[in-house]
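Student: A single structure is presented below for examination.
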Amino acid sequence: MFSSLRKRILIITLAIIALALVINATVSYLTVKSHDQQQVAEQLGSVATGNAMAIEEWIAARTSMVEAAREPAKGDDPVPALVQLAKSGGFLSTYLGKPDGSLTTSDGWVPPDDYDPRQRGWYLTATEQNKTIVSMPYVDANSGRMVVTFATPVERGGRLYGVIGGDVVIDKLVAQVNSIQPTPSSFAFLSSGGETLIAHPNADLTLKPLTRLSDQLTPSAIAQLGSAKTNWQRITIDGADKRLSVTPIAGSDWELGVALDDKEATAGLRAILKSSLITLVIIIGVTALLLGLWLKRTLAGLERARDALEDIASGEGDLTRRLPEQGRDEVAQIAAAFNRFVGKMEAVMVTIRQSSESVRLAATEISTGGQDLSRRTENAASSLQQTSASMEEITSTVEHTAESSR
């Protein structure tokens with residue numbers, strides 16, 4: 013398969029180009045991936061921080077309003093102060109609970125006889141922590157809407173005078189959280205204490221455990237994510253990988269979580285990888301075509317030299333055949349060397365042919381001389397035979413004469 017020099021050059025060249033492109037694509041991918049992860053982390057942090065600041069400002073504004081009502085509420089009639097607080101802060105209702113168990117409200121609501129503000133969560137928490145607190149969201153019994161309570165302790169003469177509380181509907185806050193959607197499949201949620209969902213795109217999960225979203229969302233995990241040491245963590249929610257960033261909300265025990273869909277966040281990175289692969293295939297294909305045509309043209313002289321040598325090796329070669337010498341590359345040099353070699357071979361063969369002709373002529377002359385010598389030898393032999401016969405006759409005659417003489 014790879015016996016052809018052209019194929020080997022083509023394959024090796026394509027392999028080197030492919031390797032170079034793969035290395036370049038890999039380096040580019042890793043570089044882009046690193047920047048992409050940093051950019052995603054910054055984007056995630058920016059979205060979470062920006063919206064967390066808006067929630068913090070919302071909490072801080074109402075906290076300041078509740079705390080500003082401390083002094084007016086100490087008067088003989090705290091109702092005007094409570095009414096003003098309700099109007100300015102957009103509270104559903106404001107009230108003052110005292111250590112004697114009495115309750116004064118801004119809307120004139122009269123509590124049942126068994127109602128004791130001192131046993132309510134907002135009163136107990138504010139007095140225990142001795143600071144303004146934000147309660148867990150709950151469904152208001154009268155309006156049926158989701159509300160939270162801001163409560164702050166009021167002191168007079170170094171002693172507890174009462175606790176001011178204000179209920180605020182958080183529908184707009186929930187809507188703001190639900191509007192956070194960096195990508196189509198991403199979402200945000202608001203939780204309390206790393207345990208309970210306050211706001212989520214799925215309203216059925218409101219006030220449900222945070223672990224309903226994912227078993228990984230434990231209070232310790234939320235606390236770790238909320239620390240400055242961790243930017244985001246990959247978790248699985250509803251079978252999809254998410255990059256979760258958690259930002260604590262100052263002035264409360266709330267946390268804002270932003271879950272960025274990992275697949276959508278890395279869509280650009282995958283597009284770069286896909287385009288790199290397509291580019292690789294196109295470059296390899298175009299290179300193979302152009303390089304194949306160039307090699308075919310460049311090595312054509314080498315193929316002609318091969319064919320000529322095979323023709324000569326077959327025993328019926330034409331030594332008058334010459335290869336075209338085009339260019340100054342190695343193939344042209346091989347053609348020139350081949351032509352010189354064949355020229356010398358042709359000269360040697362001509363010399364051999366001339367020498368053979370001379371030998372043939374000399375052999376013919378020697379053969380003719382031999383034949384003449386043979387004829388002469390035969391004639392001499394015949395003469396000798398006749399002479400021998402004559403001598404025998406003479407000998408016989410002499411012997412006969414001698415006998416007669418006796």
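Every letter in the sequence shown is one number past the one before it in the working numbering, and letter 61, counting from 1, is 73.
Note that CB positions come from ideal geometry on N, CA and C, so glycine has one too.
Just so you know, these numbers come straight off a predicted model, no measurement behind them.
When you compare the region 288–301 with the region 92–104, are there three or more beta-carbon pairs, one atom per stretch, that lie closer than 8 angstroms?
Tutor: no
Student: In whole angstroms, what is the alpha-carbon distance linking methionine 357 and alanine 317?
Tutor: 15 angstroms
Student: Straight-line CA distance for glycine 439 to alanine 235?
Tutor: The chain is shown from 13 up to 418; residue 439 falls before or after that span and cannot be answered.
Student: According to DSSP, is aspartate 216 helix, strand or coil?
Tutor: Helix at aspartate 216.
Student: How is arginine 132 classed by DSSP in three states: helix, strand or coil?
Tutor: coil
Student: In this structure, how does DSSP classify tyrosine 41 when only helix, strand and coil are distinguished?
Tutor: helix
Student: Alpha carbon to alpha carbon, how far is glycine 177 from alanine 252?
Tutor: 42 angstroms
Student: With the cut-off set at 8 angstroms, would you say glycine 109 and proline 84 are in Cβ contact?
Tutor: no
Student: With a cut-off of 8 angstroms on the beta carbons, I'd call leucine 222 and glycine 206 a contact; round off their distance for me.
Tutor: Distance from leucine 222 to glycine 206 at the Cβ level is roughly 7 angstroms; contact confirmed, criterion being Cβ atoms closer than 8 angstroms.
Student: Let me know if alanine 62 comes out buried or exposed under the rule of 16 or more other beta-carbons within 10 Å of its beta-carbon.
Tutor: Just to set this straight, residue 62 is glycine in the shown sequence, not alanine. Exposed, because fewer than 16 other Cβ atoms sit within 10 Å of the Cβ of glycine 62.
Student: If we count the other Cβ atoms within 10 Å of its Cβ and call it buried at 16 or more, is lysine 254 buried or exposed?
Tutor: buried
Student: Kindly indicate which three-state DSSP category tryptophan 2 falls into: helix, strand or coil?
Tutor: Nothing can be reported for residue 2: it is not among the residues displayed for the chain, which extend from 13 to 418.
Student: Per DSSP, what are the beta-bridge partners of glutamine 245 in this structure?
Tutor: Leu256
Student: Return the chain-ordered list of same chain residues with a C-beta closer than 7 angstroms to the C-beta of aspartate 119, the five sequence neighbours on each side being excluded.
Tutor: Ser105
Student: Pull up the CB-CB distance for phenylalanine 201 and glycine 269, whole angstroms please, since I reckon it's below 8 angstroms.
Tutor: 5 angstroms
Student: For isoleucine 182, which of Glu415, Phe103, Ser76 has the nearest alpha-carbon?
Tutor: Phe103
Student: Please name the residue in Met65, Asp274, Ala32 whose C-alpha comes closest to that of leucine 289.
Tutor: Ala32
Student: Say whether the region 163–180 touches the region 210–218, bearing in mind that this needs 3 or more beta-carbon pairs closer than 8 angstroms, one atom from each stretch.
Tutor: no
Student: Which residue from Tyr150, Ile247, Glu405 puts its Cα closest to that of leucine 256?
Tutor: Nearest option by C-alpha distance: Ile247.
Student: Using DSSP with H/G/I as helix, E/B as strand and the rest coil, what is aspartate 274?
Tutor: The three-state secondary structure of aspartate 274, taken from DSSP, is helix.
Student: Kindly list the residues whose CB is nearer than 8 angstroms to the CB of leucine 209, restricted to its own chain and excluding five residues on each side of it in sequence; keep chain order.
Tutor: Phe201, Leu202, Ser203, Leu217, Thr218, Leu219, Lys220, Pro221, Leu222, Arg224, Leu225
Student: Isoleucine 210 lies in the beta strand (DSSP E); which residues open and close that run?
Tutor: 208–211
Student: First and last residue of the alpha helix (DSSP H) that includes isoleucine 234?
Tutor: 231–238
Student: In terms of DSSP beta bridges, what is tyrosine 107 paired with?
Tutor: Thr117, Gly177
Student: Relative to the alpha-carbon of glycine 133, which residue among Pro149, Val122, Pro123, Pro124 has its alpha-carbon at the smallest distance?
Tutor: Pro149
Student: Express the C-alpha separation of alanine 233 and alanine 37 in angstroms, rounding to a whole number.
Tutor: 37 angstroms
Student: Leaving aside the five residues before and after asparagine 190 along the sequence, list all residues of the same chain whose C-beta is less than 6 angstroms from its C-beta, in chain order.
Tutor: Pro213
Student: With a 10 Å radius around its C-beta and 16 neighbouring C-beta atoms as the bar for buried, classify serine 147 as buried or exposed.
Tutor: It counts as buried.
Student: Is it buried or exposed, glycine 263, if we count other Cβ atoms within 10 angstroms and call 16 or more buried?
Tutor: The Cβ neighbour count for glycine 263, taken over all protein chains shown within 10 Å, is at least 16; the residue is labelled buried.
Student: Roughly how many angstroms lie between the CA atoms of glutamine 245 and threonine 259, to the nearest whole one?
Tutor: Each residue's Cα considered, the two are about 13 angstroms apart.
Student: Determine the direct distance from the alpha carbon of glutamate 68 to that of isoleucine 261, and round the result to whole angstroms.
Tutor: 6 angstroms
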